[in-house]
Amino acid sequence: MISQNEFNQSILEILREIEIPILGICYGHQLLAKAFGGEIGKYLEFIERNEEIFLLNKEDIFYNLEDKIVAKKSHQEYVIKSSLTKTELEITAFSKNCEVEAIRHRKRKIFGVQFHIERSGEVGYRIIKNFYEKIVKY
Numbered sequence: 001m002i003s004q005n006e007f008n009q010s011i012l013e014i015l016r017e018i019e020i021p022i023l024g025i026c027y028g029h030q031l032l033a034k035a036f037g038g039e040i041g042k043y044l045e046f047i048e049r050n051e052e053i054f055l056l057n058k059e060d061i062f063y064n065l066e067d068k069i070v071a072k073k074s075h076q077e078y079v080i081k082s083s084l085t086k087t088e089l090e091i092t093a094f095s096k097n098c099e100v101e102a103i104r105h106r107k108r109k110i111f112g113v114q115f116h117i118e119r120s121g122e123v124g125y126r127i128i129k130n131f132y133e134k135i136v137k138y
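At the far end of the sequence shown sits residue 138, using full-length UniProt numbering, and the numbering has no gaps.
Listed below in structure tokens is the structure:
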């Protein structure tokens, strides 16, 4: 678990230095937040369900999606919102139970989503397609 520092610290350095587009999903989202100065918290219980996600920024990976989407959640840790205030990360989505459902780096092509786009049907497909078409190809 990231909140208990159970990961290879050198991964954070690689994430800070690498200069290719990145889309972190769930654990990857949390690693990105940690790499750029965020902190990770832990829920008391494991969460596994579909949840409404509210989009704050509909550019980039959320281009042409509704203001509210439903996505699959499966996690026990989360990015702490207050830990991002002095970072280069911007919160781009939230839910009733998670204040940081998605992030993007303000200067680089780095994005993270707490929810599982690979398990979220058409919405997930559109997010992956947007990442490729608007970020990777661009």
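Every residue, glycine too, gets a C-beta built ideally from N, C-alpha and C.
Please read all numbers here as calculations on a predicted model, not as lab measurements.
Does the beta carbon of residue i sit closer than 8 Å to a beta carbon anywhere in chain C?
i, result
"V100", "Within the model displayed, chain C is absent; a lone protein chain is all it includes."
Would you give the residue range spanned by the beta strand (DSSP E) that residue i belongs to?
i, result
"K96", "Note, K96: premise wrong, no beta strand (DSSP E); not H, not E."
Classify residue i as helix, strand or coil using the three-state DSSP reduction.
i, result
"Q9", "coil"
"L65", "coil"
"G38", "coil"
"Y78", "strand"
"Y43", "strand"
Below 7 Å CB to CB, which residues in the same chain sit around residue i once its five sequence neighbours on both sides are set aside?
i, result
"K72", "N50, F115, H116, R119 and S120"
To the nearest angstrom, report how far apart residue i and residue j are at their CA atoms.
i, j, result
"V79", "L89", "11 Å"
"S3", "H75", "In this prediction, S3 scores a pLDDT of 49, lower than 50, which makes its location untrustworthy; the coordinate-derived value is nonetheless stated afterwards. Approximately 12 Å between the Cα atoms of the pair."
Thinking residue i and residue j are a contact (beta carbons under 8 Å), I'd like their distance in whole angstroms, please.
i, j, result
"I40", "E66", "That belief does not hold up - the Cβ atoms of I40 and E66 are roughly 29 Å apart, past 8 Å."
"L31", "F7", "7 Å"
Suppose the cutoff is 6 Å on Cβ atoms and the five residues either side in sequence are ignored; what does the same chain contact list for residue i look like?
i, result
"L23", "F111 and F131"
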